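Here the structure is laid out as structure tokens; the discussion comes afterwards.
4 protein chains.
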Amino acid sequence: MAGNSYGTLFRITTFGESHGEALGGIIDGCPSGIALDFDAIQLEMSRRKPGQSAIVTQRKEPDDVQFLSGIFEGKTTGTPIGFIIPNTNQKSDDYSHIKDNYRPSHADYVYDQKYGFRDYRGGGRSSARETASRVVAGAIAKQMLSDIKINAYVSAVGPLALETPYQDLDFSKIESNPVRCPDEAMAATMEDYIKQIRKEGDTVGGVVTCVIQNVPVGLGEPVFDKLHAELGKAMLSINAVKGFEFGSGFEGSKMKGSQHNDLYNPDGTTKTNLSGGIQGGISNGMDIYFKVAFKPVATIMQKQDSLNNKGEITEMTGKGRHDPCVVPRAVPIVEAMAAIVLADFHLINKTYK
Amino acid sequence: MAGNSYGTLFRITTFGESHGEALGGIIDGCPSGIALDFDAIQLEMSRRKPGQSAIVTQRKEPDDVQFLSGIFEGKTTGTPIGFIIPNTNQKSDDYSHIKDNYRPSHADYVYDQKYGFRDYRGGGRSSARETASRVVAGAIAKQMLSDIKINAYVSAVGPLALETPYQDLDFSKIESNPVRCPDEAMAATMEDYIKQIRKEGDTVGGVVTCVIQNVPVGLGEPVFDKLHAELGKAMLSINAVKGFEFGSGFEGSKMKGSQHNDLYNPDGTTKTNLSGGIQGGISNGMDIYFKVAFKPVATIMQKQDSLNNKGEITEMTGKGRHDPCVVPRAVPIVEAMAAIVLADFHLINKTYK
Amino acid sequence: MAGNSYGTLFRITTFGESHGEALGGIIDGCPSGIALDFDAIQLEMSRRKPGQSAIVTQRKEPDDVQFLSGIFEGKTTGTPIGFIIPNTNQKSDDYSHIKDNYRPSHADYVYDQKYGFRDYRGGGRSSARETASRVVAGAIAKQMLSDIKINAYVSAVGPLALETPYQDLDFSKIESNPVRCPDEAMAATMEDYIKQIRKEGDTVGGVVTCVIQNVPVGLGEPVFDKLHAELGKAMLSINAVKGFEFGSGFEGSKMKGSQHNDLYNPDGTTKTNLSGGIQGGISNGMDIYFKVAFKPVATIMQKQDSLNNKGEITEMTGKGRHDPCVVPRAVPIVEAMAAIVLADFHLINKTYK
Amino acid sequence: MAGNSYGTLFRITTFGESHGEALGGIIDGCPSGIALDFDAIQLEMSRRKPGQSAIVTQRKEPDDVQFLSGIFEGKTTGTPIGFIIPNTNQKSDDYSHIKDNYRPSHADYVYDQKYGFRDYRGGGRSSARETASRVVAGAIAKQMLSDIKINAYVSAVGPLALETPYQDLDFSKIESNPVRCPDEAMAATMEDYIKQIRKEGDTVGGVVTCVIQNVPVGLGEPVFDKLHAELGKAMLSINAVKGFEFGSGFEGSKMKGSQHNDLYNPDGTTKTNLSGGIQGGISNGMDIYFKVAFKPVATIMQKQDSLNNKGEITEMTGKGRHDPCVVPRAVPIVEAMAAIVLADFHLINKTYK
């Protein structure tokens with residue numbers, strides 16, 4: 001399997017299955033001399049971890065990160081930062097029922113076809129548990145980019161969509177509720193809806209919006225590695241993501257040029273920002289904003305037909321403790337991947353000076 | 001500038017400015033022994049080139065590709081394929097008016113900020129003319145993947161959206177009209193609309209849908225290099241793209257798991273295909289389909305405020321011959337990038353056997 | 001710090017300082033379904049570890065490798081193999097004397113200049129302890145390439161050089177003595193010499209010869225990534241290496257073409273093998289052989305001038321338990337790096353079929 | 001074929017066969033705003049080109065480089081620099097005799113085995129003609145690194161070795177004679193020897209020494225991408241190279257630590273420089289020096305047995321105009337590859353500040 005690394009100069013490589021001994025990763029390219037705030041890192045882990053509220057999976061995983069290298073006397077040394085996150089809550093027997101079964105809309109079937117062999121416990125490598133390692137790297141990238149502000153929030157849960165422009169939201173409210181929607185009334189409605197969905201044994205999708213502020217002009221490489229192309233890839237690499245749009249997005253495709261163009265102010269800022277802070281793949285200093293669509297979690301607590309490895313259709317009901325809606329826990333993952341992309345481009349951009 | 005290469009094993013690197021002597025590129029990693037159909041390559045170039053119909057830019061550029069290496073007696077040798085596309089129609093004087101001006105929603109400003117110096121003629125490297133090189137590489141990738149069928153078409157022009165599912169369309173009609181919409185009635189409506197927009201001196205965005213059929217199971221690398229993540233990056237790297245969604249896309253985020261899951265047939269195919277042919281980042285053998293949103297072209301034939309390099313707002317009107325709507329010419333580019341991504345994963349996948 | 005990864009498709013990334021909590025790494029790209037022989041892996045570790053004989057450093061480090069992922073029911077799954085090697089014998093106080101001192105011919109000074117900050121304990125990241133992770137990866141690469149035979153041995157210790165051609169040596173004798181020289185008489189002489197050097201508080205360099213047999217034709221990529229260029233880089237990346245030559249090497253530069261050319265047998269083998277098993281960067285099926293020169297270990301148990309970080313020359317005597325001669329323990333490292341290079345090219349070569 | 005690119009941030013990709021229409025390449029990552037000296041580039045080309053003196057091949061190839069992009073008004077723009085070198089002197093009929101024959105110690109056989117198909121004219125991609133593209137990139141890298149001085153020279157031709165330390169040579173004499181040996185007496189002896197070898201219809205190997213001065217402290221990445229490991233790979237990737245050593249090299253392996261260690265001066269320079277300007281893979285500010293061994297050219301003007309593609313041994317005599325000794329023309333190639341490696345590390349090193 002290739003594809004377990006992300007980034008060129010700020011580079012993360014991850015390992016680990018959901019039910020192995022540990023997850024972990026290596027962050028290569030982090031500059032030296034950064035005094036790390038370990039509480040801030042653990043806080044990001046807590047935002048992602050299971051069991052944090054009534055509307056997410058009730059698995060108990062402490063998700064404590066242990067750093068093994070690259071840090072000396074509290075500061076980064078410039079050498080690779082190795083870390084592990086022990087898996088303390090593996091209940092392998094929970095998964096014996098899927099050993100020979102391919103769950104619908106899961107990766108079981110394609111893994112078996114591609115590799116001829118798989119760790120079937122809890123999805124193995126295809127489990128979203130892998131994203132814990134991304135959150136560690138993202139938390140460090142955030143500290144490296146301390147001037148840049150990255151705020152993601154839940155802007156839709158199933159059919160419930162927050163239409164308020166991000167400029168009118170108070171990002172300090174994002175963490176005030178378990179949904180991570182900064183509009184408290186909408187957050188309450190979403191929370192009720194998720195609880196209802198869970199009662200039905202069902203799941204629901206949603207949308208995360210991310211806003212990046214205080215970005216210097218010049219991040220991103222034109223042509224293939226445009227800033228928004230890398231952000232898009234990074235987001236689409238998160239489990240369950242089905243779509244990505246930035247700036248005017250799909251709505252922008254309906255518009256005329258005379259409506260869509262962002263006219264300049266004398267200082268190089270623009271009066272409007274349908275471009276979403278990026279021109280020709282390069283940040284222009286305006287806010288970067290984008291939306292990420294997540295499908296509903298595939299494991300539902302209802303009877304469903306599945307396929308076994310003998311080519312037979314069999315009935316199956318989800319077991320274990322799963323998220324009825326993934327977006328509240330996806331918020332820190334979206335922020336983490338955005339931070340990793342920006343950290344990488346930040347380093348690349350230094351080579352032009 | 002980094003970022004001028006795409007792919008790991010099937011790898012394209014491009015060069016060239018819109019008004020330099022030539023564009024071109026190098027395709028590295030193409031297997032040996034492929035008897036190339038040069039007419040098919042030139043046909044793809046013709047689908048992208050200016051002046052092909054009344055609704056695209058009327059610039060005259062023959063876009064003839066000259067292969068310089070990697071091919072012997074009509075067959076690929078496995079060595080890098082170098083090629084150039086001479087620029088025969090450079091009218092540099094057309095662009096003197098933008099030498100000191102930053103056009104709204106163009107990359108002029110960010111290039112100057114990032115590099116401190118730019119070739120201002122026709123957008124230089126940020127011009128979509130660069131995509132001609134991608135089409136060459138994509139045409140070769142298509143021949144390498146001869147079993148896989150890639151069909152893109154225009155599914156929306158501004159507010160005019162074709163709602164017919166792709167399964168009900170006749171792809172052989174795509175090239176029957178200048179819009180490249182396989183529904184002929186809708187194509188005529190779109191064509192009239194584009195002509196009207198051009199008369200207004202304006203431009204309009206649109207959407208390209210792409211369908212990939214006959215894909216073997218197993219393409220794509222889990223975790224960061226998921227098949228759809230690379231497809232997304234590849235599409236977002238095309239000029240003017242604002243969004244990407246595959247399978248159920250943004251609509252899927254509104255659904256419940258019980259509605260969204262694709263149940264299996266005994267042969268491993270699925271009854272529905274909301275997944276869009278990809279599970280866990282790996283192709284599952286079903287059709288891959290996705291949508292790509294394009295913003296309206298920024299150059300309009302109307303007066304607009306622009307910024308000059310002294311920090312003054314000045315009035316400017318677009319000159320030259322520009323596309324009122326970019327999506328008809330974007331269709332072969334979308335196909336080319338899809339072919340490049342698939343060719344790369346096809347080669348990577350061979351390493352597992 | 002970049003540069004902590006090696007390989008394209010079979011790719012190792014390592015982390016860890018000599019006195020941190022653990023070393024470790026991630027092996028990405030190992031094919032699935034390989035039943036691993038863990039004893040064989042640990043055996044390679046034992047060949048590299050300190051304290052294995054009277055002529056190497058007497059530090060006690062068990063160098064037990066713990067696999068955390070990528071292996072299920074004893075077989076590789078195709079997912080990344082994460083592993084750690086705990087550091088159990090860190091005596092940080094041993095190194096307080098070098099905190100502010102730059103030891104001659106060590107990396108202390110350049111690390112401080114490059115990073116502005118370093119983990120000074122035992123050389124930190126620049127310690128050869130990092131190579132333990134390479135040996136893990138190499139041991140797995142060897143198992144993946146089970147048909148290919150890789151044998152390295154000590155061919156010189158200081159001025160004592162074994163002139164016997166490798167064809168006349170019995171590789172099964174390599175492990176019969178602590179020097180790892182297959183000529184037992186020479187091994188005894190070398191052992192005595194190393195003991196004498198140690199008594200003097202001094203160190204001495206040496207040469208490792210490596211022979212790779214049963215290599216299929218076709219490994220290696222022409223032009224920049226020639227097989228011998230990658231082997232050379234891999235060897236030169238090992239601590240203390242000063243030179244690399246393959247086939248006829250430096251001696252070959254003195255020869256005439258009429259003497260140097262390897263004439264063919266009808267089956268494609270050659271009568272002589274001055275080419276060293278590689279033509280144009282590609283393996284030709286003949287034995288690959290090369291030599292790697294190691295400088296003497298820089299830490300000596302004699303008084304020497306060193307530089308402190310105030311720009312003062314100070315006197316220093318080496319402390320701790322160091323190798324008087326590095327080559328006996330370098331043998332498994334040379335083999336490991338050779339195996340990693342071959343594994344990578346083996347996977348790349350599959351993409352041509 | 002992979003492996004046609006070199007470098008991470010300053011990255012060259014080359015294409016072209018010896019008898020195709022043109023060679024060429026793309027330089028990606030060159031910073032913007034460098035006013036290029038085109039005469040200096042062409043001068044490097046002239047140092048490499050055939051026909052430059054009586055002791056090299058008498059083929060007539062002007063080797064004029066045409067830049068197609070990345071340069072505007074004489075300065076680099078930061079966009080990729082595409083260039084071609086037309087092949088004006090292809091005499092394909094010269095090579096009909098090798099169409100079905102594998103010349104001894106050439107790459108003909110392995111190419112056929114690996115790719116199943118090859119451009120047999122003049123060695124195709126395996127011809128050293130490919131290095132012309134490297135010289136273009138190296139000439140630009142040199143201009144980017146204008147403070148760093150890179151001087152290579154011929155230090156041995158066959159058994160004739162110049163033993164004078166580089167410190168005692170006058171580098172301004174290198175170009176004063178066709179051998180490129182700065183000791184004029186030795187140069188004359190070498191020249192006579194090469195002429196004698198040519199008369200015999202034979203060829204001879206040699207050694208190029210390279211000295212890099214005025215290097216800042218800090219270039220090179222520890223662990224796998226050590227500065228000397230990349231220099232080694234770069235040199236070993238040049239056609240006909242069999243060995244690389246830096247600093248004390250193979251001789252250093254015979255020494256004791258007490259002799260080999262380079263003691264510091266208070267300013268961080270060292271009294272001796274057996275390290276060759278590199279510690280732990282990172283430049284320490286002292287001179288970098290290394291030797292590169294070249295085998296004798298395989299094509300000789302004498303009868304030799306060769307193998308044909310039916311498995312028959314046949315007699316063959318070299319035709320065409322070949323170099324009796326490759327090292328005089330290799331000097332600019334060694335310098336070019338050194339410059340490319342340093343340019344890349346120079347850019348990477350900027351990311352730490």
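Chains A, B, C and D supply the protein sequences, listed in that same order. If you're matching positions, the first sequence starts at 1 in UniProt numbering and goes up one per residue. If you're matching positions, the second sequence starts at 1 in UniProt numbering and goes up one per residue. If you're matching positions, the third sequence starts at 1 in UniProt numbering and goes up one per residue. If you're matching positions, the fourth sequence starts at 1 in UniProt numbering and goes up one per residue. The beta carbon of each residue, even a glycine, is placed where N, CA and C say it ideally should be. Quick caveat, the model's predicted, so the values are computed rather than measured.
Whether residue i touches residue j by CB criterion (9 angstroms)
i: D:Ser-127; j: D:Asn-4; result: no
i: B:Asp-39; j: A:Pro-104; result: no
i: A:Asp-28; j: A:Thr-13; result: yes
i: C:Asp-344; j: C:Glu-230; result: yes
i: A:Gly-252; j: B:Pro-296; result: yes
i: A:Arg-329; j: A:Lys-49; result: yes
i: B:Gly-123; j: D:Ile-84; result: no
i: C:Arg-134; j: C:Met-337; result: yes
i: A:Ala-298; j: B:His-260; result: yes
Extent of the continuous alpha helix (DSSP H) run through residue i
i: B:Lys-149; result: Here B:Lys-149 belongs to no alpha helix (DSSP H); instead the beta strand (DSSP E) covers 149-157.
i: C:Pro-86; result: Not the alpha helix (DSSP H): C:Pro-86 falls in the beta strand (DSSP E), residues 81-86.
i: D:Ile-194; result: 184-199
i: B:Leu-231; result: 227-236
Residue i, DSSP secondary structure in three states
i: C:Phe-10; result: coil
i: A:Ser-69; result: coil
i: B:Thr-131; result: helix
i: residue 355 of chain A; result: The shown model of chain A, from 1 to 353, leaves out residue 355 of chain A, and the question about it has no answer.
i: C:Asp-120; result: The residue asked about is misnamed: residue 120 of chain C is Tyr in this sequence, not Asp. Coil at C:Tyr-120, not helix or strand.
i: A:Val-215; result: coil
i: D:Gln-58; result: coil
Pairwise C-alpha distance: residue j and residue i
i: B:Val-331; j: B:Lys-291; result: 11 angstroms
i: D:Val-208; j: D:Gln-196; result: 20 angstroms
i: B:Ser-172; j: B:Leu-307; result: 46 angstroms
i: C:Asn-214; j: D:Val-241; result: 23 angstroms
i: A:Ser-283; j: A:Ile-212; result: 11 angstroms
i: A:Lys-149; j: A:Glu-335; result: 10 angstroms
i: D:Gly-205; j: D:Asn-273; result: 28 angstroms
i: C:Asp-305; j: C:Ala-293; result: 26 angstroms
i: A:Leu-342; j: D:Tyr-115; result: 41 angstroms
i: A:Gly-285; j: B:Gln-113; result: 11 angstroms
i: C:Leu-160; j: C:Asp-192; result: 11 angstroms
i: A:Ser-176; j: A:Phe-72; result: 35 angstroms
i: D:Asp-323; j: C:Glu-221; result: 25 angstroms
Beta-bridge pairing of residue i - partner residues as DSSP gives them
i: C:Glu-245; result: C:Lys-291 and D:Gly-243
i: C:Ser-28; result: Checking the sequence, you will find Asp at residue 28 of chain C rather than Ser. BP columns for C:Asp-28 point to C:Arg-11.
i: D:Gly-101; result: The residue asked about is misnamed: residue 101 of chain D is Asn in this sequence, not Gly. D:Asn-308, per the DSSP bridge assignment.
Start-to-end residues for the beta strand (DSSP E) that takes in residue i
i: A:Ser-306; result: 303-308
i: A:Ala-330; result: Taken as a continuous stretch (DSSP letters only), A:Ala-330 belongs to no beta strand (DSSP E), being part of the alpha helix (DSSP H) at 327-350.
i: A:Glu-315; result: 313-317
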